[in-house]
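Using the working numbering, the letters of the sequence shown correspond one by one to residues 23 to 149. Even glycine gets a Cβ: it sits at the ideal position worked out from N, Cα and C. What follows is a short report on a single structure.
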Amino acid sequence: MSDLSVTSALQSGFQQLSSVSAKRNAEQAEQLAQSLRKQADSAQAMADKYEEKALALDSRANQAQVKSDDLNNRLTLSNAFRQAGEQATKIVNEAEVQPATYSASGLTTTAGDTSATGVGGNIDTVA
């Protein structure tokens, strides 16, 4: 064999080897790409699941906030009623009812009616 045919045979063998190697590399790259796609799909499914959970938690947090606001409003209203009751009780306790202040002395009555006591003559303090 001549040197030219040996060189040509070597080049042909090298090209075939390169072609087989390139094909194997391409197949490995395709397998890696498929594996990465599966991982990406799995990661997307997990992200969707966590997004649903996050939305549900956000909704529950909003409901809890509304309930908290409602309870705070009720507490504020309850405290206002309690304070008003305490103030009313204090006013009643501090008030002195003196019957002489409200007596009918000095008031005139109609002729023949000696039972009239005038305005404010009888005060009902039982209520």
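Where residue i and residue j are concerned, what is the direct C-alpha to C-alpha distance, given to the nearest angstrom?
i, j, result
"ALA78", "ASP92", "21 Å"
"ARG46", "PHE36", "15 Å"
"LYS75", "VAL42", "49 Å"
"SER57", "GLU49", "12 Å"
"ARG59", "GLN87", "41 Å"
"ALA110", "SER100", "15 Å"
"ALA55", "SER30", "37 Å"
"ALA138", "ALA117", "Residue placement at ALA138 cannot be trusted, given a pLDDT of 49 that sits under 50; the coordinates are not used to answer."
"GLN38", "SER27", "16 Å"
"GLU16", "THR98", "As shown, the chain starts at 23 and ends at 149. That puts residue 16 outside it, with no answer to give."
"VAL114", "ALA102", "18 Å"
"ALA69", "LYS89", "30 Å"
"GLU52", "GLN66", "21 Å"
"GLN85", "GLN61", "36 Å"
"ASP63", "TYR72", "14 Å"
"GLN33", "ALA44", "16 Å"
Beta-carbon within less than 6 Å of residue i's beta-carbon, same chain only, minus the 5 sequence neighbours each way: which residues are those?
i, result
"GLN151", "Look at the range of the chain in this structure, 23 to 149, and you will see that residue 151 is not part of it."
Can you find the residues in the same chain that come closer than 7 Å, C-beta to C-beta, to residue i, ignoring five residues on each side of it along the sequence?
i, result
"ASN94", "none"
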